[in-house]
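Beneath this line is the structure, given in structure tokens, with notes to follow.
There are 2 protein chains.
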Amino acid sequence: MFENISIIGCGLIGSSILRALNKKKISKKITVYDKSKEVLSHLRQENLSINISNDIRVSVKDADVVIIATPLSSYKEILLSIKDHFKKGSILTDTGSAKKEINKIIENLNLKDVSWIASHPIAGTENSGPKAGYAELFENRWCIISPSPKAKKEEIEKIEIFWKKIGSKVKIMSFEEHDHILSLTSHLPHAIAFNIVRTTINDEDKFKKEIIQYSAGGLRDFTRIAASDPLMWRDIFIDNSENILKALDNFVINLEELKKAIIDKNGDKLIKLFSATKEVRKEIIEAGQDTKKPNFGREKN
Amino acid sequence: MFENISIIGCGLIGSSILRALNKKKISKKITVYDKSKEVLSHLRQENLSINISNDIRVSVKDADVVIIATPLSSYKEILLSIKDHFKKGSILTDTGSAKKEINKIIENLNLKDVSWIASHPIAGTENSGPKAGYAELFENRWCIISPSPKAKKEEIEKIEIFWKKIGSKVKIMSFEEHDHILSLTSHLPHAIAFNIVRTTINDEDKFKKEIIQYSAGGLRDFTRIAASDPLMWRDIFIDNSENILKALDNFVINLEELKKAIIDKNGDKLIKLFSATKEVRKEIIEAGQDTKKPNFGREKN
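Just so you know, the sequences run in chain order A and Y.
Per my numbering, residue 1283 is the first one in the first sequence, and the count goes up by one each step.
Per my numbering, residue 1283 is the first one in the second sequence, and the count goes up by one each step.
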């Protein structure tokens, strides 16, 4: 696979990759760069077998693969810094949650002798930063790979093997397909979660304390993903705005239909709507995408 | 407390109450009634120390407390059947998720020598029916008690003790406060969960399989409560429609503001919105309302 790996950005995802690589001992040399001194000092304490670089250009120069694991808004600056320092024949990948806009930036750079093969590990938690990461984060989770049209088959295979070695299942799709599917499976749910928490819990409400107290009736399920990293989500909403706005419009159309059924006290319509969504849960569990234990099994923890 | 308890309706909640009462041996006699023969036959197999009654009128006649644990839409018919058969001085309670409309029905019946003290245990799972219930369901969960103005202090205390004995924490509030708070903590989140699952996963979408496959990016969190009992939720939306419609309107106003920030690519605004909701998660966990383990701790189950 890759003898020499460079990771730029060591938050939840970047630090989890390097811990997984370390644990499984699957490369000779790992070089990491992060602009935050705090992050680097945290990694130094952990006694991992890695090289920490203070110069982003030096951090990539011998790498067979460079992995950008920063928020999307940092990519442009990073790429401008490293574009003339890649090793010839190396692969550029990332871990970002939106692809189309980033791909435009990279296409415009016209990198020579570097293959751009995007990655998106669908793994993470509501926590962020290197302290929240762990080596097993990718185990049995999907990673979506979107290669640029110029990428060679054997290079794509290398990236596939890379993710599989740290535990992921791999699927290849185009930039456009990725951004459409993720707008529904991840970006819309985050938008809605942020919005419902904002609507129900705010300092101006005289019942704020009670609303938190009795949130086990449903609301608490939404607070988890509404606690995700604000900076990361700002970038996703801006980068994949077209798909997200379309999904939000469809959501509002359906919500108006639900409101009408409530106003009309149309019981049959409500039962029909709710029965369909009940079926979906079974499919999610059958696809191995969630635990079948009631309440996510959290009560017994 | 109560020597003689009658439970009408033995689904998830009713069956859990009778299992908890059995386990803790806190009453001399428990009589249960359910209109479904399947439910009763399931209970018979379980070898619980209960009396199963085939006549709803007989099931309540000696009871010190009658607990209605059916969907809200059944209350009227049940109450008309039993209204002349209550023991003098008994207490009527329930487990329903909305209070104001039910209270009107009961006030209109003008019950004599029966105290109406509503209960709402905020406990449950996405599953329904007697097989889904268990004796520990109420442990460390809130139960909200809403007494009618005529209820005596010592009667309210009896109901408080009843719920505490089967593990609940108890809070007293008015019918109106209950319906307002629950519309935000439970009813709005369910409406939104039903709506997002309907918007993202449907048979007409050519990417349906992929959307289920990659739902771990956020969507799967919503599918849990969107799998709740359709009949029960139909009744809640119709009974508490006024509060729920108001909450939905506020939700849409906030959603329009979020959409505008996305359209304008207003990064500062997005960060501000998302940072506020991140803080809320901490408060939910500090209030003991959810696990602090990432991903609800479900991966390690």
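Beta carbons are placed, not taken as given, at the ideal position from N, Cα and C, and that holds for glycine.
If we call anything under 8 Å between Cβ atoms a contact, is residue i one with residue j?
i, j, result
"A:Ala-1529", "Y:Thr-1559", "no"
"A:Thr-1377", "A:Ile-1295", "yes"
"A:Val-1347", "A:Ile-1287", "yes"
"Y:Arg-1516", "A:Leu-1470", "no"
"Y:Ala-1380", "Y:Ile-1518", "yes"
"A:Ser-1372", "A:Val-1396", "yes"
"Y:Arg-1506", "A:Arg-1563", "yes"
"A:Met-1283", "A:Ile-1308", "yes"
"A:Lys-1369", "A:Ala-1351", "no"
"A:Phe-1533", "Y:Asn-1333", "no"
"A:Ser-1465", "Y:Lys-1547", "no"
"Y:Val-1314", "Y:Ile-1338", "no"
"Y:Phe-1420", "A:Phe-1578", "no"
Buried or exposed, going by whether 16 or more other CB atoms sit within 10 Å of the CB of residue i?
i, result
"Y:Lys-1305", "exposed"
"Y:Gln-1571", "buried"
"A:Lys-1453", "buried"
"A:Lys-1582", "With a pLDDT of 47 at A:Lys-1582, under the threshold of 50, the modelled position of this residue cannot be trusted, and the question is left open."
"Y:Glu-1437", "buried"
"Y:Asn-1385", "buried"
"Y:Asp-1503", "buried"
"A:Leu-1362", "exposed"
"A:Ile-1388", "buried"
"Y:Pro-1412", "buried"
"A:Asn-1392", "exposed"
"Y:Ile-1566", "buried"
"Y:Ile-1312", "buried"
Please check if any C-beta of chain A sits within less than 8 Å of the C-beta of residue i.
i, result
"Y:Trp-1424", "yes"
"Y:Phe-1504", "yes"
"Y:Phe-1444", "no"
"Y:Gly-1251", "Nothing in the structure corresponds to residue 1251 of chain Y, since chain Y is present only between 1283 and 1583."
"Y:Lys-1386", "no"
"Y:Pro-1576", "yes"
"Y:His-1367", "no"
"Y:Gln-1495", "yes"
"Y:Ile-1338", "no"
"Y:Ala-1473", "yes"
Does residue i have its Cβ less than 8 Å from a Cβ in chain Y?
i, result
"A:Ala-1380", "no"
"A:His-1324", "no"
"A:Tyr-1357", "no"
"A:Trp-1515", "yes"
"A:Asn-1583", "Confidence in A:Asn-1583 is poor, its pLDDT being 36 and thus under 50, which makes the residue's placement unreliable; the coordinate value appears in the next sentence. So yes, A:Asn-1583 belongs to the interface."
"A:Pro-1512", "yes"
"A:Phe-1420", "no"
"A:Phe-1457", "no"
"A:Phe-1556", "yes"
"A:Asn-1409", "yes"
"A:Arg-1301", "no"
"A:Phe-1284", "no"
"A:Asn-1329", "no"
"A:Val-1534", "yes"
"A:Asn-1477", "yes"
Mapping DSSP to helix, strand and coil, what is residue i?
i, result
"Y:Thr-1573", "coil"
"A:His-1313", "Checking the sequence shown, residue 1313 of chain A turns out to be Thr, not His. Strand, per DSSP."
"Y:Leu-1294", "helix"
"Y:Pro-1471", "helix"
"A:Asn-1532", "helix"
"A:Pro-1403", "strand"
"Y:Ile-1483", "coil"
"A:Lys-1451", "strand"
"A:Ser-1428", "strand"
"Y:Asp-1503", "helix"
"Y:Lys-1582", "Note that Y:Lys-1582 has pLDDT 47, beneath the 50 cutoff, so the model's placement of it is unreliable and no number is given."
"A:Ile-1494", "helix"
"Y:Thr-1477", "According to the sequence shown, residue 1477 of chain Y is Asn rather than Thr. Y:Asn-1477 falls in the helix class under three-state DSSP."
"A:Asn-1422", "coil"
"Y:Ile-1553", "helix"
"Y:Asp-1376", "strand"
"A:Asn-1264", "Chain A is shown from 1283 up to 1583; residue 1264 of chain A falls before or after that span and cannot be answered."
"Y:Ser-1410", "coil"
Contact defined as beta carbons within less than 8 Å: I believe residue i pairs with residue j. What is the distance between those atoms, to the nearest angstrom?
i, j, result
"A:Ile-1474", "A:Ile-1483", "In fact, because the Cβ distance is near 15 Å, the residues do not count as touching under 8 Å."
"Y:Ile-1441", "Y:Ile-1399", "5 Å"
"A:Ser-1468", "Y:Gly-1500", "4 Å"
"Y:Ile-1360", "A:Gly-1549", "Not a contact, Cβ separation roughly 18 Å."
"A:Ile-1448", "A:Leu-1303", "7 Å"
"Y:Lys-1382", "Y:Glu-1439", "Not quite, the Cβ-Cβ distance comes to about 24 Å (not below 8 Å), so this is no contact."
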